[in-house]
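Have a look at the structure below before the remarks.
Numbering (my numbering), first residue to last: 1093 to 1214.
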């Protein structure tokens, strides 16, 4: 008979739902203070329950996940999406700037088209 799990370590859960590629990367993120559970900074071994809100800072942006299912083993992407509901607001697209080196001369026809495409002047 299988015993139902009531809590899971936060680093193990972040690895299982594919937020981090390895469990040690999830542990490192917890140590660095990039993971919060219900608004509080979390250590790697902190227990997580169903309904808890996780805020993970990745590449300068916060990702908000709500735990819907507790996992101890890594699962595929479709099952991971069910286990952790993503509440992250959509990001605004960042504008790319065309920067050329000073003294590079006149842009070629191809470079000019790329610059126009980046600036939205197709």
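Just so it is clear, CB atoms sit at the ideal spot from N, CA and C, and this is done for glycine as well.
This structure is a prediction, so every number in the text was calculated from the model and none was measured.
Between the C-alpha atoms of residue i and residue j, what's the straight-line distance to the nearest angstrom?
i            : j            : result
residue 1191 : residue 1121 : 34 Å
residue 1208 : residue 1152 : 29 Å
residue 1171 : residue 1110 : 10 Å
residue 1102 : residue 1136 : 6 Å
residue 1197 : residue 1154 : 41 Å
residue 1206 : residue 1194 : 18 Å
residue 1150 : residue 1199 : 36 Å
residue 1168 : residue 1203 : 42 Å
residue 1211 : residue 1183 : 19 Å
residue 1099 : residue 1108 : 14 Å
residue 1201 : residue 1181 : 39 Å
residue 1161 : residue 1177 : 9 Å
residue 1116 : residue 1097 : 22 Å
residue 1133 : residue 1118 : 14 Å
Which whole-angstrom value is the C-beta distance of residue i and residue j, which I expect to be below 8 Å?
i            : j            : result
residue 1179 : residue 1163 : Contact doesn't hold; Cβ gap of about 18 Å is too wide.
residue 1140 : residue 1159 : 6 Å
Name the residue from the options whose alpha carbon lies nearest to the alpha carbon of residue i.
i            : options                : result
residue 1125 : 1137, 1113, 1148, 1142 : 1148
residue 1114 : 1184, 1166, 1134       : 1166
residue 1130 : 1123, 1142, 1210       : 1142
Thinking C-beta only, is residue j closer than 8 Å to residue i?
i            : j            : result
residue 1066 : residue 1105 : With the chain covering only 1093 through 1214, there is no way to say anything about residue 1066.
Would you list the residues sitting across from residue i in a DSSP beta bridge?
i            : result
residue 1144 : According to DSSP, residue 1144 bridges with nothing at all.
residue 1156 : 1147
residue 1170 : Answer is none; residue 1170 lacks a bridge partner.
residue 1181 : Residue 1181 pairs with nothing; no bridge assigned.
Any chance the CB of residue i is under 7 Å from a heavy atom of the ligand ATP?
i            : result
residue 1164 : Among the components of this structure there are no ligands whatsoever, and the ligand ATP is therefore not found.
Should residue i be flagged as near chain C, meaning a C-beta pair shorter than 8 Å?
i            : result
residue 1149 : As a matter of chain content, chain C is missing from the structure shown, which is built from one protein chain.
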